[in-house]
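Input: a single structure, listed below in structure tokens.
Number of protein chains: 2
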Amino acid sequence: MPGPTGRRPRLNRDRVLHAAVALADEVGLEALSMRRLAAELDVVPMALYKHVADKEALLDGMVDVVVGEIEPPAPGVEWRDAVRGRVLSARRALLRHPWARRALETRTTRTAAVLDQMDATAAAFLTGGFSAELTHHVMHALGSRMWGFTQELFDDPAAQGPAAPPDPATMRAMAERYPHIAAIALTTTHEDGTVVGRGCDDQAEFEFALDLMLDGFARLHEQGWRPPQPAV
Amino acid sequence: MPGPTGRRPRLNRDRVLHAAVALADEVGLEALSMRRLAAELDVVPMALYKHVADKEALLDGMVDVVVGEIEPPAPGVEWRDAVRGRVLSARRALLRHPWARRALETRTTRTAAVLDQMDATAAAFLTGGFSAELTHHVMHALGSRMWGFTQELFDDPAAQGPAAPPDPATMRAMAERYPHIAAIALTTTHEDGTVVGRGCDDQAEFEFALDLMLDGFARLHEQGWRPPQPAV
DNA sequence: ACCTGAACACCGTTCAAGT
DNA sequence: ACCTGAACACCGTTCAAGT
Numbered sequence: 088m089p090g091p092t093g094r095r096p097r098l099n100r101d102r103v104l105h106a107a108v109a110l111a112d113e114v115g116l117e118a119l120s121m122r123r124l125a126a127e128l129d130v131v132p133m134a135l136y137k138h139v140a141d142k143e144a145l146l147d148g149m150v151d152v153v154v155g156e157i158e159p160p161a162p163g164v165e166w167r168d169a170v171r172g173r174v175l176s177a178r179r180a181l182l183r184h185p186w187a188r189r190a191l192e193t194r195t196t197r198t199a200a201v202l203d204q205m206d207a208t209a210a211a212f213l214t215g216g217f218s219a220e221l222t223h224h225v226m227h228a229l230g231s232r233m234w235g236f237t238q239e240l241f242d243d244p245a246a247q248g249p250a251a252p253p254d255p256a257t258m259r260a261m262a263e264r265y266p267h268i269a270a271i272a273l274t275t276t277h278e279d280g281t282v283v284g285r286g287c288d289d290q291a292e293f294e295f296a297l298d299l300m301l302d303g304f305a306r307l308h309e310q311g312w313r314p315p316q317p318a319v
Numbered sequence: 088m089p090g091p092t093g094r095r096p097r098l099n100r101d102r103v104l105h106a107a108v109a110l111a112d113e114v115g116l117e118a119l120s121m122r123r124l125a126a127e128l129d130v131v132p133m134a135l136y137k138h139v140a141d142k143e144a145l146l147d148g149m150v151d152v153v154v155g156e157i158e159p160p161a162p163g164v165e166w167r168d169a170v171r172g173r174v175l176s177a178r179r180a181l182l183r184h185p186w187a188r189r190a191l192e193t194r195t196t197r198t199a200a201v202l203d204q205m206d207a208t209a210a211a212f213l214t215g216g217f218s219a220e221l222t223h224h225v226m227h228a229l230g231s232r233m234w235g236f237t238q239e240l241f242d243d244p245a246a247q248g249p250a251a252p253p254d255p256a257t258m259r260a261m262a263e264r265y266p267h268i269a270a271i272a273l274t275t276t277h278e279d280g281t282v283v284g285r286g287c288d289d290q291a292e293f294e295f296a297l298d299l300m301l302d303g304f305a306r307l308h309e310q311g312w313r314p315p316q317p318a319v
């Protein structure tokens, strides 16, 4: 008896992974458990283990699904546009799956899709004429920005919805204790003007930092940067 | 009967926090549980809850302990040295407590020590003559580098000890599939020459990226950067 | 004021068994 | 080949009780 409704079209790795992505999209990474995912698939927990080695492997697979959504830039563009386009595409993918940033941070095994993205980014620098040494350094400098995210300083990193704005009294107390944070928080470069409460890791901030780095990379490249001589 | 050995000098928040830091240093963040910490303190799990609201609050407190280890730079130095010194001090603190980076990333409430560090960094830019707007942007651009870490692309982010170097056959297969990663991985700017296996997020890479950013900040500041006019 | 004991509602994962 | 059931060794946290 396969159940009265006749669902459960048989499990496979892809169905498990996509169900996990959908569930994480819905309830967040903390609430994603093997048992809950199994329930969602109308199956006993242990059934998952035929398609995924353990929870770590599940998370690896989920990251691969999201990273696989990154679109390659148009072929033949300059290194700067290639890198920029790839990073901004990664960012769009990560914004679609808010949990993915955290999952990516905790991954220890580099899966195929992750390595593909890294290889393609390295390729953009190298074919743009960067030396291997400089490419190595700029890849490191890019760091997590390659995946379209940055560690946030102001906002709730787990923010699913808008955080409750602090009440005026708290705001005033904060401003007194942390005058410099208050000074910069109240610059309304952000669309909605409610900077402390929301909207700081927005597209403008991300692109500001990304372009700052790309400018730096371009400058080093143009100036013919050479690795420092080892002090023998 | 307080136990045959007569230990357990009575719990308090500080003892709980420092025991938690020591335990995480020893066994890692994943193995740190309320129950295990309680056992370490020779106390029943629920005893902890008198001194710490819940596990999240415990992690907040642990982060505060580590962030509190960051030393302020010598007073009166230029903004660049102030920021650089603070960041490198933060890095030293985080290297002493390898779990702290992950804990910091997952914190959602900004605790006092964290806000102090942010306020002091903002102060360095502002007293260096940066506008509030530019300070806002560069603080975002600095991001997690303010805490002395960057998301790593190559290495095991949870690496406690040195990872096992990949065997030659795997290396060759990797190099074929990911030629550009191989090309940049084999640049031996690193002290031990075993780049893929170890030693990538070393001090040199970190300072390269940090100085690249600081150079960018200095250039924008010197050029009198102004916020882009809103398109009204 | 501080700690304890027992219990609740969860986890990930093993093993041996079913079809 | 794929799924199940029961069990094991854990979690964080509640509640009511002890001293």
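Same order as they appear, the protein sequences are chains A and B.
The numbering used here puts the last residue of the first sequence at 319; the count rises by one with no breaks.
The numbering used here puts the last residue of the second sequence at 319; the count rises by one with no breaks.
All C-beta atoms in this analysis are idealised placements derived from N, C-alpha and C, irrespective of residue type, glycine included.
It should be emphasised that the depicted structure is a prediction, and the values quoted were computed from it without experimental measurement.
Apply the 10 Å Cβ neighbour rule to residue i and answer buried if 16 or more other Cβ atoms are within range, or exposed otherwise.
i                : result
GLU165 (chain A) : exposed
HIS105 (chain B) : exposed
ASP101 (chain A) : exposed
GLU113 (chain A) : exposed
VAL131 (chain B) : exposed
THR237 (chain A) : buried
SER231 (chain B) : buried
ARG264 (chain B) : exposed
THR208 (chain A) : buried
GLN316 (chain B) : exposed
GLN204 (chain B) : buried
ALA109 (chain B) : exposed
ALA190 (chain A) : buried
ALA118 (chain B) : exposed
GLU158 (chain A) : exposed
ALA161 (chain A) : exposed
ARG188 (chain A) : buried
ALA256 (chain B) : exposed
ASP254 (chain A) : exposed
GLY235 (chain B) : buried
Does the ligand ADP have even one heavy atom less than 7 Å from the beta-carbon of residue i?
i                : result
LEU124 (chain A) : Absence of the ligand ADP is noted for the structure shown, with no ligands found whatsoever.
Please report the distance separating the alpha-carbon of residue i from that of residue j.
i                : j                : result
MET258 (chain B) : LEU175 (chain A) : 31 Å
PHE217 (chain A) : TRP312 (chain A) : 9 Å
PRO244 (chain A) : LEU221 (chain A) : Annotation note: pLDDT 43 at PRO244 (chain A) (below 50); position unreliable, coordinate value reported separately. Cα to Cα, the separation comes out at about 32 Å.
MET133 (chain B) : ALA126 (chain B) : 11 Å
GLN310 (chain A) : VAL170 (chain A) : 20 Å
ALA210 (chain B) : HIS267 (chain A) : 6 Å
GLY155 (chain A) : LEU181 (chain A) : 11 Å
THR214 (chain B) : GLY148 (chain A) : 48 Å
ALA111 (chain A) : HIS184 (chain A) : 8 Å
HIS223 (chain A) : PHE212 (chain A) : 9 Å
THR198 (chain B) : ARG97 (chain A)  : 48 Å
ALA177 (chain B) : ARG194 (chain B) : 17 Å
PRO314 (chain B) : ASP168 (chain B) : 25 Å
PHE293 (chain A) : ALA228 (chain B) : 8 Å
TRP186 (chain B) : ALA262 (chain B) : 31 Å
TYR47 (chain B)  : GLY115 (chain A) : Given that chain B is displayed from residue 88 to residue 319, the structure contains no residue 47 (chain B) and the question cannot be resolved.
ALA140 (chain A) : LEU202 (chain A) : 21 Å
ALA291 (chain B) : ILE271 (chain B) : 16 Å
LEU299 (chain A) : ALA260 (chain A) : 34 Å
ASP129 (chain B) : VAL153 (chain B) : 24 Å
ASP289 (chain A) : PHE295 (chain A) : 10 Å
GLY303 (chain A) : GLY172 (chain B) : 21 Å
LEU124 (chain A) : ARG306 (chain B) : 51 Å
LYS142 (chain B) : ARG122 (chain B) : 11 Å
HIS308 (chain B) : LEU146 (chain A) : 43 Å
LEU297 (chain A) : SER120 (chain B) : 38 Å
VAL150 (chain A) : ALA200 (chain A) : 9 Å
ASN99 (chain A)  : VAL225 (chain B) : 47 Å
ALA107 (chain A) : ALA144 (chain A) : 12 Å
LEU330 (chain B) : ALA269 (chain B) : There is simply no residue 330 (chain B) to check, as chain B begins at 88 and stops at 319 in what is shown.
VAL103 (chain A) : LEU273 (chain B) : 37 Å
*What are the residues of the segment 224 to 236 of chain B that lie near chain A, defined by any Cβ-Cβ distance shorter than 9 Å?*
Taking 9 Å as the Cβ-Cβ cut-off, the segment 224 to 236 of chain B approaches chain A at HIS224, VAL225, MET226, HIS227, ALA228, LEU229, GLY230, SER231, ARG232, MET233, TRP234, PHE236, given in chain order.
*If contact means a Cβ-Cβ distance below 7 Å, which residues of the segment 209 to 224 of chain B contact chain A?*
Listed by position, the residues of the segment 209 to 224 of chain B near chain A (Cβ gap below 7 Å) are ALA209, ALA210, LEU213, ALA219, GLU220, THR222, HIS223, HIS224.
*Could you run through the segment 161 to 173 of chain B and flag, in chain order, every residue whose CB is less than 7 Å away from some CB of chain A?*
Those residues of the segment 161 to 173 of chain B that come within reach of chain A (Cβ to Cβ, closer than 7 Å) do not exist; the list is empty.
*asked:* Could you tell me which whole beta strand (DSSP E) segments of length 3 or greater appear in the segment 104 to 176 of chain B?
replied: Along the segment 104 to 176 of chain B, the beta strand (DSSP E) does not occur as any fully enclosed run of 3 or more residues.
*asked:* To be precise: take each residue of the segment 112 to 133 of chain A, compare its Cβ to all Cβ atoms of chain B, and keep it if any distance is under 9 Å. Which residues remain?
replied: Within the segment 112 to 133 of chain A, no residue qualifies.
*asked:* Report the start-end ranges of each alpha helix (DSSP H) in the segment 194 to 246 of chain A that is 4 residues or longer and not cut off at the edges.
replied: The segment 194 to 246 of chain A contains these whole alpha helix (DSSP H) runs: 199 to 214, 219 to 229.
*Taking a Cβ distance cut-off of 9 Å, strictly less, list which residues of the segment 171 to 194 of chain A are near chain B, in chain order.*
When C-beta distances to chain B are compared with 9 Å, the residues of the segment 171 to 194 of chain A below that value are ARG189, LEU191, GLU192, THR193, ARG194, in chain order.
*What residues in the segment 299 to 310 of chain A have a beta carbon less than 9 Å from any beta carbon of chain B?*
Within the segment 299 to 310 of chain A, the qualifying residues are LEU299, MET300, ASP302, GLY303, PHE304, ARG306, LEU307.
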